[in-house]
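Residue numbers (my numbering), protein chains in the order written: chain R, 786 to 973; chain Y, 786 to 973.
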């Protein structure tokens, strides 16, 4: 038994290069890649967060193609991955939906290439151990553009460490999410 | 001191759904994502393998935009990642180029969602340990489409284990490469 783990790819509120709040565009490959990584590591849900209805509709169309359309007949493994993916208007709406399903308020964990100032970072071992056993669900946020805005990071119950490279720290969100989920849930 | 590590994203010879040899198309996001992951984990080179000259020219144009074009002024971190990326016509040509630069024939390591029959798989710990210390360079192959063809896997000096999920094993090559490099070279 382990805690239910969810992840969200956040397109708002995220930062632009100057640190201002923006809504970024949803990318098809992000929908697929994070769904496949989330499914691989046994996550319960993958939420694609955007306040823009037309952007969420784009996700619905992608999902429809792969869940019941011609994509599902051509690549059935993709149907399985995308079955846990859901577009939603905000992180709060995702927290509410998870709470309604699980009967317990989820913890909010965040990821960042640079941890936000004033927040302490838990170790990977601690994070992994916390996910084992029983407890409330956990929702991990991944940011697009230049990262999660303080409106979200200020509310985090836990901050995961950055993925340290050899003097370079600019992974794609697809790569960072894959590595994060492997570190938290992977077996070797 | 550790051994020089290279990776290659192979577009030929790879398998289609029926196991036949095909040349797959190069994808812009793969060029970027694997370069960023390779740079993060201190790789010496990232080779994009295609026998199709027009496809390699596409890679050259992407690289030019980010190395010296407007992309390099807008996102300088991307220039650093793509500086280790080179298109090349075959895995053998990549092996020759690495050998010429390093003065030693590289070992050929392969990755696979399902290890090829008849090949023994080394553990992640063994692979990680083998990369430490001195020795010949190592070239790790990642396959596109339905994976590396036996023409390549038959020649492997080492086979890395599949990335085991929770009953699902269909990661994107971008995610699989990120996790592989993290398991081999990541620090926590």
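Beta carbons are placed, not taken as given, at the ideal position from N, Cα and C, and that holds for glycine.
For residue 821 (chain R), the uninterrupted alpha helix (DSSP H) run begins and ends at 813 to 825, by DSSP. Judged by DSSP secondary structure, residue 915 (chain Y) falls within the alpha helix (DSSP H) whose first and last residues are 909 to 916. DSSP places residue 875 (chain Y) in the coil class of the three-state scheme, outside both helix and strand. Neighbours of residue 827 (chain R) across chain Y, judged by C-beta separation under 9 Å: 950, 951, 952, 953. Non-local beta-carbon contacts of residue 850 (chain R) in its own chain, meaning distances under 6 Å to residues more than five positions away in sequence, involve 856 in chain order. Counting along the chain, the unbroken beta strand (DSSP E) around residue 895 (chain R) starts and ends at 892 to 895.
Residues of the stretch 838 to 856 of chain R that bring their beta carbon within less than 7 Å of a beta carbon in chain Y are absent altogether. Look at residue 909 (chain Y): its C-beta is under 8 Å from a C-beta on chain R. Burial is judged here by how many other beta carbons sit within 10 angstroms of a residue's own beta carbon; residue 834 (chain Y) has at least 16 and is buried. Within the stretch 803 to 817 of chain Y, the residues whose Cβ lies closer than 8 Å to any Cβ of chain R are, in chain order, 814, 817. Note on residue 858 (chain R): under 16 other CB atoms within 10 angstroms of its CB, so exposed under the neighbour-count rule.
Less than 8 Å divides the Cβ of residue 815 (chain Y) from the Cβ of residue 959 (chain Y). Chain R places no beta carbon closer than 8 Å to that of residue 924 (chain Y), leaving this residue out of the contacts. Closest in alpha carbon position to residue 793 (chain Y), among Y:832, Y:824, Y:813, is Y:832. Here residue 899 (chain R) is exposed: its Cβ has fewer than 16 other Cβ atoms, across all protein chains shown, within 10 Å. Put simply, the backbone Cα of residue 966 (chain Y) is about 13 Å away from that of residue 830 (chain Y). Among the CB atoms of chain Y, none fall inside 8 Å of the CB of residue 919 (chain R). Going by DSSP, residue 793 (chain R) is part of the beta strand (DSSP E) stretching over 790 to 795. Comparing alpha carbon positions, the residue from R:945, R:865, R:798, R:790 closest to residue 931 (chain R) is R:798. At a cut-off of 8 Å between beta-carbon atoms, residue 871 (chain R) makes no contact with chain Y. Residues of chain Y whose Cβ lies closer than 8 Å to the Cβ of residue 898 (chain R) do not exist, since the nearest Cβ in that chain is about 10 Å away.
In the three-state DSSP reduction, residue 956 (chain Y) falls in the coil class, being neither helix nor strand.
Residue 866 (chain Y) is not a Cβ neighbour of residue 964 (chain R), given a cutoff of 8 Å. Per DSSP, residue 844 (chain R) lies in no beta strand (DSSP E) segment; the continuous alpha helix (DSSP H) that holds it begins and ends at 838 to 852.
Residue-level contact by beta carbon fails for residue 893 (chain Y) and chain R, as no gap is shorter than 8 Å. Distance between residue 889 (chain Y) and residue 827 (chain Y), taken at the CA atoms: about 19 Å. According to the DSSP assignment, residue 903 (chain Y) belongs to no alpha helix (DSSP H), since it is labelled neither H nor E. Taken through DSSP and simplified to helix, strand or coil, residue 943 (chain Y) comes out as strand. Take residue 917 (chain Y), set aside five residues on each side of it, and the residues of its chain with a beta-carbon closer than 8 Å to its own are 787, 788, in chain order. Following the DSSP letters along the chain, one finds residue 928 (chain Y) inside the beta strand (DSSP E) bounded by residues 923 to 928. Restricting attention to R:795, R:972, R:919, the CA atom closest to the CA of residue 806 (chain R) is found in R:795.
Straight-line measurement puts the Cα of residue 905 (chain R) at about 43 Å from the Cα of residue 860 (chain R). Residues of chain Y with a Cβ closer than 7 Å to the Cβ of residue 864 (chain R) do not exist; the shortest Cβ-Cβ separation is about 11 Å. Not one beta carbon of chain R lies nearer than 8 Å to the beta carbon of residue 969 (chain Y). Among the residues of chain Y, those whose CB is under 8 Å from the CB of residue 964 (chain R) are 963, 964, 967, 971, following chain order.
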